[in-house]
Amino acid sequence: MLHHAAAAITRIGALLIVSPQNPLLCSVGEFCIYACPFCPSLHLVTGIMVRMNVLADALKSINNAEKRGKRQVLIRPCSKVIVRFLTVMMKHGYIGEFEIIDDHRAGKIVVNLTGRLNKCGVISPRFDVQLKDLEKWQNNLLPSRQFGYIVLTTSAGIMDHEEARRKHTGGKILGFFF
975 MLHHAAAAIT RIGALLIVSP QNPLLCSVGE FCIYACPFCP SLHLVTGIMV RMNVLADALK
1035 SINNAEKRGK RQVLIRPCSK VIVRFLTVMM KHGYIGEFEI IDDHRAGKIV VNLTGRLNKC
1095 GVISPRFDVQ LKDLEKWQNN LLPSRQFGYI VLTTSAGIMD HEEARRKHTG GKILGFFF
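Residue numbers (this note's numbering): 975 to 1152.
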């Protein structure tokens, strides 16, 4: 019977859509009771959406907002890696200032967009990159030599590929932007 209820559930992010085809009767915490449109019975459904990569979600939100011509974008949840990635982007002028909002949960970030960003993304899995291999990654990920940045996490912190080259350190690739 659970397959009927699963067909009636529509999830967008962590938001549950309730419609005539998907009637929510009761919701307590992670447990929901649904009236199945395929049979005359009720179903108890449990489940919670787990974010697998918050950095990927954040950069995808920024990409989508930039494509739509938005001036601001709200990112949630907040993490130290996201904040440091955004700091590198802001340092190079690809985004404007951002504000971290503490909502006593996972936190939110409001990012001001400048319209300069063409694309940003995450590299998953986070490949180890030695200093000598950085040129190869730069050629594969960025559109040209003078344009865009690769963001690395190193023992000296999160930085772009040019700073990593100046500090003579390698690390793991987090993502890129241009």
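Backbone N, C-alpha and C define an ideal beta-carbon position, used for all residues, glycine too.
Which residues in the same chain have their Cβ closer than 8 Å to the Cβ of residue i, if we skip the five residues on either side of it in sequence?
| i | result |
| --- | --- |
| glycine 1144 | Asp1102, Val1103, Gln1104, Leu1105, Asp1107, Leu1108, Leu1126, Thr1128, Ala1138 |
| glutamine 1112 | Arg1119, Ile1124, His1135 |
| serine 1098 | Asn1027, Ala1030 |
| arginine 1025 | Asp1031, Pro1051 |
| glycine 1067 | Thr1088, Arg1090 |
Identify whether residue i lies in helix, strand or coil by the three-state DSSP scheme.
| i | result |
| --- | --- |
| serine 1098 | coil |
| asparagine 1092 | coil |
| glutamine 1046 | strand |
| serine 1118 | strand |
| aspartate 1143 | The residue asked about is misnamed: residue 1143 is threonine in this sequence, not aspartate. If DSSP states are grouped into helix, strand and coil, threonine 1143 belongs with coil. |
| aspartate 1107 | helix |
| phenylalanine 1152 | coil |
| methionine 1026 | coil |
| arginine 1058 | helix |
Taking residue i and residue j to be in contact with their CB atoms under 8 Å, please state how far apart those CB atoms are, rounded to whole angstroms.
| i | j | result |
| --- | --- | --- |
| asparagine 1086 | arginine 1045 | 7 Å |
| isoleucine 1074 | valine 1057 | 7 Å |
If distances are taken between C-alpha atoms only, which option among the options comes closest to residue i?
| i | options | result |
| --- | --- | --- |
| histidine 1142 | Gly1149, Ala1130, Phe1072 | Ala1130 |
| methionine 1133 | Ala1032, Leu1048, Met1063 | Met1063 |
| glycine 1043 | Leu1060, Lys1065, Ile1069 | Ile1069 |
| serine 1035 | Pro1117, Leu1115, Ile1074, Ile1083 | Ile1083 |
| arginine 1100 | Lys1146, Asn1037, Val1047 | Lys1146 |
| asparagine 1160 | Gly1089, Thr1061, His1066 | No answer is possible for residue 1160: it lies beyond the span of the chain, which begins at 975 and ends at 1152. |
For residue i, which residues of its own chain have a beta-carbon under 7 Å away from its beta-carbon, when the five flanking residues on both sides are left out?
| i | result |
| --- | --- |
| alanine 1080 | Arg1050, Pro1051, Cys1052 |
| arginine 1140 | none |
| leucine 1033 | Cys1094, Gly1095, Val1096, Gly1149 |
Going by beta carbon distance, what residues of the same chain come within less than 6 Å of residue i, once the five residues before and after it are set aside?
| i | result |
| --- | --- |
| glutamate 1040 | Leu1087, Leu1091 |
| valine 1055 | Leu1029 |
| glycine 1122 | Leu1116, Phe1152 |
| phenylalanine 1072 | Leu1060, Ile1083, Val1085 |
| valine 1002 | Confidence is the limiting factor: at valine 1002 the pLDDT is only 49, short of 50, which leaves the residue's position unreliable and the question unanswerable from this model. |
According to DSSP, what are the bridge partners of residue i?
| i | result |
| --- | --- |
| glutamate 1073 | Val1084 |
| serine 1031 | Correcting the residue identity first, residue 1031 is aspartate in this sequence and not serine. Its beta-bridge partners do not exist; DSSP assigns none. |
| isoleucine 1132 | Thr1127 |
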